[in-house]
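*Asks:* This structure is in structure tokens; I'll ask about it shortly.
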Ligand SMILES: Nc1ncnc2c1ncn2[C@@H]1O[C@H](COP(=O)(O)OP(=O)(O)OP(=O)(O)O)[C@@H](O)[C@H]1O
Ligand SMILES: [Mg+2]
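In our numbering, the protein residues as written are 1 to 347.
So, in structure tokens, the structure goes:
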């Protein structure tokens, strides 16, 4: 009798689609445990967050049928634990009138270059002919205005905030509304209220794409935001180290929880390019983002090098893709933006 392995079972479960989606149940992170007895009896525990009773019933039927077709398998038991979501999932969230596509840039932790990626991605999408808005939703440490060199205060029309325009981008940030350092009031429920109001209180006008720089992490504030607006996709920024990848995984789970499509992973600070000799060095062990992307079945959108000018231009308020469009990082951002555009136009 051939021995069944957990991997083999996982492969079979990958043929089972989440009802109504093109993604499979393994990809959605539903598999909680797989146990196999000596007689090849298999018990699979799946966890599904849904309010619709048909969804777990269909997954159970499909998974059982798929497993039963496997040669040499004994008794098959598929158990489903149903979690009722506390708030409605993203597809029911309202869109923003006039805005065609909305994407959010997230990371499991701070300092991985999320804002740098959001700003350069937005600027590159604009270079590609899109009308682009950039919303800095990072109320803990808004940095987009600094990276774009914006100090103007937004005006108000019809009780909504008018975005500030820079380099052809429309931009709004909490930093433009807060005088000095005022983060102390943004705690707990206040944060969620603020984010919810903020995200729908801007006169974006007609936009092809709105890019949202989320606060780092995967807590309630982030979850609240991804549920407040109907997102067309999420981009995860990570560095190549294992520890950062673990947090990237949490970022992906956050999007999966609310059924937001993960467009892919961007590995930032992927490798080092010496400013003097342009030699390349894999300081953090390049390639982790790619391995993780393959493992999770999501695209690797690109690898952005650690490049001193990225920070220098960021500090000057001029995104590198505008300052030095031929540079290696600008070309890497271009590849990311082109892929993102293809993916959102398809969806
Ligand atoms: N690829 C890169 N090469 C060089 N410097 C970079 C790169 N990416 C980001 N930086 C620099 O690293 C610092 C942190 O980047 P950034 O603010 O974009 O990260 P973040 O993830 O948004 O951080 P936070 O969690 O604080 O919001 C900045 O000074 C930025 O200029
Ligand atoms: Mg940031």
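Glycine included, each C-beta is placed from N, C-alpha and C at the ideal position.
For clarity, every value in this text was computed on a predicted model and none was experimentally measured.
Would residue 209 and residue 122 be called neighbours here (beta carbons separated by less than 9 Å)?
*Replies:* In this structure, residue 122 lies closer than 9 Å to residue 209 by Cβ.
*Asks:* So the beta strand (DSSP E) residue 172 belongs to, where does it begin and stop?
*Replies:* Element bounds for residue 172: 169–173.
*Asks:* Check the DSSP bridge columns for residue 47 and list the partner residues they point to.
*Replies:* DSSP lists 81 as partners of residue 47.
*Asks:* Nearest CA to the CA of residue 165: which residue from 7, 177, 148 and 175?
*Replies:* Nearest option by C-alpha distance: 148.
*Asks:* Does the Cβ of residue 143 lie closer than 8 Å to at least one heavy atom of ligand 1?
*Replies:* Under cutoff, so the answer is yes.
*Asks:* Taking 8 Å as the line, does the beta carbon of residue 314 fall inside it for any heavy atom of ligand 1?
*Replies:* The answer is yes for residue 314.
*Asks:* Please work out which residues of its chain come closer than 8 Å, Cβ to Cβ, to residue 4, disregarding the five sequence neighbours upstream and downstream, and give them in chain order.
*Replies:* Taken in chain order, the residues that qualify are 36, 40, 42, 70, 72 and 73.
*Asks:* Compute the minimum distance between the beta carbon of residue 115 and the heavy atoms of ligand 2, and state whether it is under 8 Å.
*Replies:* Within the cutoff, so yes.
*Asks:* According to the neighbour-count rule (16 or more other Cβ atoms, all chains shown, within 10 Å of its Cβ), is residue 311 buried or exposed?
*Replies:* Result: exposed.
*Asks:* Which residues share a DSSP beta bridge with residue 213?
*Replies:* Answer is 105 and 136, bridged to residue 213.
*Asks:* Is there contact here, the stretch 284–293 with the stretch 320–333, by at least three beta-carbon pairs under 8 Å?
*Replies:* Contact between the stretch 284–293 and the stretch 320–333 is absent, because fewer than three Cβ pairs lie under 8 Å.
*Asks:* Compare the beta carbon distance of residue 301 and residue 251 with 9 Å and say whether it is the shorter of the two.
*Replies:* No, the Cβ-Cβ distance between residue 301 and residue 251 is not below 9 Å.
*Asks:* May I ask whether a heavy atom of ligand 2 can be found less than 8 Å away from the beta carbon of residue 110?
*Replies:* Yes; taking the cut-off as 8 Å, the Cβ of residue 110 has a heavy atom of ligand 2 nearer than that.
*Asks:* Considering only C-alpha positions, which residue in the set 231, 18 and 26 is nearest to residue 57?
*Replies:* Considering only alpha carbons, the answer is 18.
*Asks:* Kindly examine ligand 1 and report whether one of its heavy atoms sits closer than 8 Å to the Cβ of residue 359.
*Replies:* The structure shown has nothing for residue 359, since the chain only spans 1 to 347.
*Asks:* Indicate whether residue 372 and residue 233 have their beta-carbon atoms separated by less than 9 Å.
*Replies:* Because the chain here runs from 1 to 347, residue 372 falls outside it and cannot be looked at.
*Asks:* Just checking, does the stretch 265–284 make contact with the stretch 218–232 on the three C-beta pairs under 8 Å criterion?
*Replies:* The stretch 265–284, when compared against the stretch 218–232, does not touch it at the 8 Å Cβ threshold.
*Asks:* Compute the distance between the beta-carbons of residue 172 and residue 134, then report whether it is under 9 Å.
*Replies:* Contact flag set, yes.
*Asks:* Could you tell me the distance, in whole angstroms, from the CA atom of residue 145 to the CA atom of residue 30?
*Replies:* Straight-line Cα distance between these residues: approximately 39 Å.
*Asks:* Do you know how far the Cα of residue 305 is from the Cα of residue 169?
*Replies:* Their backbone Cα atoms lie some 24 Å apart in a straight line.
*Asks:* Could you tell me whether the stretch 202–218 touches the stretch 109–116, where touching means 3 or more Cβ pairs closer than 8 Å?
*Replies:* They touch, by the three-pair rule.
*Asks:* On a Cα-Cα basis, can you pick out the residue from 330, 273, 154 and 106 that is closest to residue 204?
*Replies:* With distances taken between Cα atoms, residue 204 lies closest to 154.
*Asks:* Under the DSSP definition of a beta bridge, which residues are partnered with residue 306?
*Replies:* The partner list for residue 306 (beta bridge, DSSP) reads 272.
*Asks:* Give the range of the alpha helix (DSSP H) segment to which residue 15 is assigned.
*Replies:* Neither: residue 15 is in no alpha helix (DSSP H) and is coded neither H nor E.
*Asks:* In chain order, what residues of the same chain lie with their CB nearer than 8 Å to the CB of residue 103, ignoring the 5 residues before and after it?
*Replies:* 209, 210, 211, 212, 231, 232, 233, 234, 235, 263, 340 and 344, listed in sequence order.
*Asks:* Residues bridged to residue 160 by DSSP?
*Replies:* DSSP, once it has assigned bridges, lists 157 as partnering residue 160.
*Asks:* Are there 16 or more other CB atoms within 10 angstroms of the CB of residue 349, so buried, or fewer, so exposed?
*Replies:* Here the chain has residues from 1 to 347 only, and residue 349 is not among them.
*Asks:* So, is residue 53 buried or exposed, given that buried needs 16 or more other C-beta atoms within 10 angstroms?
*Replies:* With fewer than 16 Cβ atoms within 10 Å of its Cβ, residue 53 is classed as exposed.
*Asks:* Roughly how many angstroms separate the alpha carbons of residue 198 and residue 26, rounded to a whole number?
*Replies:* In a straight line, the C-alpha of residue 198 is about 35 Å away from that of residue 26.
*Asks:* Considering only residues of the stretch 217–262, which uninterrupted beta strand (DSSP E) runs meet the minimum length of 3 residues and lie entirely inside it, listed in chain order?
*Replies:* Listed in chain order, they are 233–238.
*Asks:* List the whole-angstrom C-beta distance separating residue 106 from residue 269, where the pair is believed to meet the contact cut-off of C-beta under 8 Å.
*Replies:* Their Cβ separation, rounded to whole angstroms, is 17 Å, which puts residue 106 and residue 269 out of contact at 8 Å.
*Asks:* Could you give the first and the last residue of the continuous alpha helix (DSSP H) run that contains residue 115?
*Replies:* Residues 114–127.
*Asks:* From residue 120 to residue 333, what distance separates their C-alpha atoms?
*Replies:* Going by the C-alpha atoms only, they are around 7 Å apart.
*Asks:* Can you list, in chain order, the residues of its chain whose CB lies under 8 Å from that of residue 15, leaving out five sequence neighbours each side?
*Replies:* The answer, listed in chain order, is 24 and 66.
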